[in-house]
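Read through the structure below, which is laid out as structure tokens, and then see the notes.
2 protein chains.
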Amino acid sequence: MDLEHMVVDMCQAAKTAARGLATTSSQAKNEALLKSAAALRRESQILLAANAQDVESGRGNGLSAAMLDRLTLTEERIEDMAKGLEIIVDLPDPVGETVAMWRRPNGLEIGQVRVPLGVVGIIYESRPNVTADAAGLGLKAGNAVILKGGSEAFRTNGAIVDVLTAALGEAGLPPAAVQLVRSTDRKSVGVLLQQDRFVDVIIPRGGEELIRAVTEQSSIPVIQHFSGLCHTYVDAAADLDKAMRITLNAKTQRPWVCNAMENLLVHQEIASRFLPPFVETLEQAGVEVRGCERTRHIVPHVTAATEADWQTEYLDLILSIKVVDSLDEAIGFINDNGSGLADAIVSEDYTNTRRFLQEIDSATVYANASTRFTDGYEFGFGAEIGISTNRLHARGPMGLRELTTYKYLIYGDGQVRE
Amino acid sequence: MDLEHMVVDMCQAAKTAARGLATTSSQAKNEALLKSAAALRRESQILLAANAQDVESGRGNGLSAAMLDRLTLTEERIEDMAKGLEIIVDLPDPVGETVAMWRRPNGLEIGQVRVPLGVVGIIYESRPNVTADAAGLGLKAGNAVILKGGSEAFRTNGAIVDVLTAALGEAGLPPAAVQLVRSTDRKSVGVLLQQDRFVDVIIPRGGEELIRAVTEQSSIPVIQHFSGLCHTYVDAAADLDKAMRITLNAKTQRPWVCNAMENLLVHQEIASRFLPPFVETLEQAGVEVRGCERTRHIVPHVTAATEADWQTEYLDLILSIKVVDSLDEAIGFINDNGSGLADAIVSEDYTNTRRFLQEIDSATVYANASTRFTDGYEFGFGAEIGISTNRLHARGPMGLRELTTYKYLIYGDGQVRE
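Sequences listed follow chains V and S, in order. Here the numbering used here runs 3 ahead of the position in the first sequence, where the first position is 1. Here the numbering used here runs 3 ahead of the position in the second sequence, where the first position is 1.
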């Protein structure tokens, strides 16, 4: 069978499976997840063997040490995958939740009820744990999942999906509920992205290049996660201890993630008190500081920030600092330069804080807390399928609920339209 | 200025206007809507004069009588536009609604709050009332609106938008909140559809061809309204009076709209009692009936339905009838052949009704009511910007709420991530 037929058949089978999954009880889905977790543990030797082959090829193909590390499975990482599935079991099932229900004057009762999205395509790079994780989240929300992992993890992903589908079958769920595109031919992705008859949404997980390529090729809606160019604004009325703690955390706790701070704005009234000790602390933490002219007037030894610096997501221990005249300037700067993902104000002033929260047009806006909390787990979703930088459907951290849509159920007793 | 620059500048101005509108009070937005309504009434002679020119050109270009009728403004239709805006004033403002709020163990309070989508592009055909209607709904939900009407209504739409923007200015809102692409060059649409930096969503209103063309060209998410191939299933346990009333209404009350019934399924046990009187009633109402073999066994004079009939949205007084063996067959048939917009069961049986509501994968699923209620007004939304056949973001009738997204406001007192 050629590649195109193979992918189309998978998508069609997924659509059929999705129809059954939509009305599968939470109990049955949880049972399948528990059996999957047990199977991952039981078959760990098979997984490790498949992974060893991928790692060997990867080494031969000159993968970097970091990529090899991400690719490598260990008993511990398999245990983490299994535990991840068990955690999903404990999350409430979003399917069937009544979002709203009301009665019309003519007696019709209209209920808006959550239902699965249908078929979810997930395209991802390297880490094989995404395979189990995405399959588990998709399944719990009643969706059929089509996975397309990176070619470097081809055998590992295949082995994981084999284990999962066997477990689904054992639990009486359709094996087509979790499928892997078993091809390293890039064309397979192109074919998948055109199956809008069968696939309801595509979630790419990876770098900006991957997401752009997927978006360009796709006739299916894509949930995008573009860059996180996050700001913190230290207001004139900031509590300096909080400002220090929050900004240091936002920059240094995990600088390579999307919700880490890239630009710091400081109100002019507080800059000369805040910046000297803060820059010292940053530098002790290994951060390279770049500053606007006014910043460099206060801490002369820092590098001059260029125009490009304000718009660069370094994902590294680099911070650009700008002194601003006012809250208005800070808000304007963030709305113009930020990526709309996560921005914070540090202030004890009620009106300034309220204005910042209202006027900053970002998925997550913070008062007196670190931007690092933009994360499904930290939001209490119990899991995260990704963080959306789209405005439609899902915005910000996505949990199980964001893997659902809704339908309206209308209860009548003979109503007709006049 | 060339076409491309003109459109890009409009989109950029809309983005800026949207930022201001996002925090504009409901009061100010309502004031602008009331002034717009008053201005439409006051300037009716200008609107009628512009419209007369469009109608004359249309006649010259050979527009059909139906299209000319849709295009023609009258004092009464202008009054309806003005009243339409006043009705929007009375609707609750969706912006600022707190969808949910919760406290995390670390003391962070997270609120999910509705905010405008941003910039909404609306591409539509003929009826000039859409101009005022879409502008009003977009504005009330805090969005900037870019309108692209049909070229046959070029002068009329221009005159309406002139009146509206003057009224916005009077009310102190940015005139760029409502803009019209003033070009009959089709390329202008192509340029608009590539402005994903500035425009957040495209809503095409018109035929399937328009929607497909827009979707193919757009790098911006498109809310689609494809066909409505709606079914009613008359169960073995149906109350025959209700069945008669509901199905007749679904077929004949307004056959040319998307929520009218196209296919009727009847359980075999009830077919011989239901079909003879029902087909007679249908035929008296001018409906052409086509039937499966078993239907024709009961009412032999009806035309044989072909395979294509089950998948055709006639939008006309034509109905295809199929006798089915079981509820399962009905559900399978509807999920396979329907368009997922609106489907109904007529039954007094609890379990069958419950199964139908759960298993039919459509935006609106009815028990004992006409599919004709799939409509924003009938749902109690007070207005309708369209009906979505997408599964993401909005599904089914769209009111003001569907013109919003959300953001998270996070209130802390110094929290940092460990």
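By construction, the Cβ of each residue, glycine as well, lies at the ideal position given by its N, Cα and C atoms.
In the structure shown, Glu272 of chain S falls within a helical segment according to DSSP collapsed to helix, strand and coil. Contact check for Ile337 of chain V against Val292 of chain V fails: the beta carbons are separated by 9 Å or more. Against chain V, the CB of Val118 of chain S has a partner CB under 9 Å away; the residue lies at that interface. When C-beta distances to chain V are compared with 7 Å, the residues of the stretch 218-250 of chain S below that value are Pro224, Lys245, Arg248 and Ile249, in chain order. Chain S places no beta carbon closer than 9 Å to that of Ile90 of chain V, leaving this residue out of the contacts. Remark: C-beta atoms of Val166 of chain V and Leu50 of chain V approach each other more closely than 9 Å. Of all residues in the stretch 78-108 of chain V, the ones placed with a Cβ closer than 8 Å to any Cβ belonging to chain S are Trp105 and Arg107, in chain order. Within chain V, the residues whose beta carbon sits less than 7 Å from that of Leu360 of chain S are Leu412, listed in sequence order.
Under the three-state reduction of DSSP output, Gln182 of chain V falls in the strand class. Residue-level contact check: Val305 of chain V does not touch chain S, since none of the beta carbons of chain S fall below 9 Å from its beta carbon. When the alpha-carbon of Tyr127 of chain S is set against those of S:Gly209, S:Arg394 and S:Gln182, the nearest one is in S:Gly209. Just measuring C-alpha positions, the residue of S:Leu88, S:Gly383, S:Tyr236 and S:Glu7 sitting nearest Val184 of chain S is S:Glu7.
The criterion of a C-beta distance shorter than 9 Å is not satisfied by Val123 of chain V and Val217 of chain V. With the rule of 3 Cβ pairs closer than 8 Å, the stretch 394-407 of chain S counts as touching the stretch 222-237 of chain S.
Considered as a whole, the stretch 304-371 of chain S harbours 330-340 and 353-362 as its complete alpha helix (DSSP H) runs of no fewer than 4 residues, in chain order.
Of S:Asn393, S:Gly415, S:Glu89 and S:Met13, the smallest CA-CA separation from Lys410 of chain V is found for S:Asn393.
As the crow flies, the alpha-carbon of Cys14 of chain V is around 7 Å from that of Gln198 of chain V. Assigned with DSSP and collapsed to three states, His396 of chain V falls in coil, not helix or strand. Sixteen is the threshold: when 16 or more other Cβ atoms of the shown chains lie within 10 Å of the Cβ of Ala85 of chain V, as they do, the residue is buried. Taking 9 Å as the cut-off, the Cβ atoms of Leu403 of chain S and Leu74 of chain S do not count as close.
By the C-beta density criterion, Tyr353 of chain S is exposed, having fewer than 16 other C-beta atoms within 10 angstroms. Beta-bridge partners assigned by DSSP to Arg208 of chain V: V:Tyr127. Between the alpha carbons of Glu78 of chain S and Gln56 of chain S lies a distance of about 16 Å.
Sequence-distant Cβ neighbours of Met401 of chain V in its own chain, meaning closer than 6 Å and more than five residues away, are Ile388, Gly389 and Ser391.
Apart from the 5 residues on each side of it in sequence, Lys143 of chain S sits with its Cβ closer than 7 Å to the Cβ of Lys32, Leu36, Ile91, Leu94, Asp96 and Leu403 in its chain, given in chain order. Linking Arg299 of chain V to Ala274 of chain V through their CA atoms gives a straight-line distance of about 11 Å. With respect to chain V, the C-beta atom of Asn338 of chain S has a partner C-beta closer than 9 Å. Neighbours of Phe201 of chain V in chain S, taken as residues at a C-beta separation under 8 Å, are lacking, since the least C-beta distance is about 12 Å.
Identification of chain S residues near Asp364 of chain V by a Cβ-Cβ cut-off of 7 Å yields Arg22 and Ala25, ordered along the chain. Within chain S, Arg394 and Leu395 have C-beta atoms less than 8 Å from the C-beta of Val204 of chain V, given in sequence order. Here Tyr380 of chain V is exposed, its C-beta having fewer than 16 other C-beta atoms within 10 Å. For Asn266 of chain V, the three-state secondary structure derived from DSSP is strand. Judged by pairs of C-beta atoms under 8 Å, the stretch 263-271 of chain V touches the stretch 310-323 of chain V, as three or more such pairs exist.
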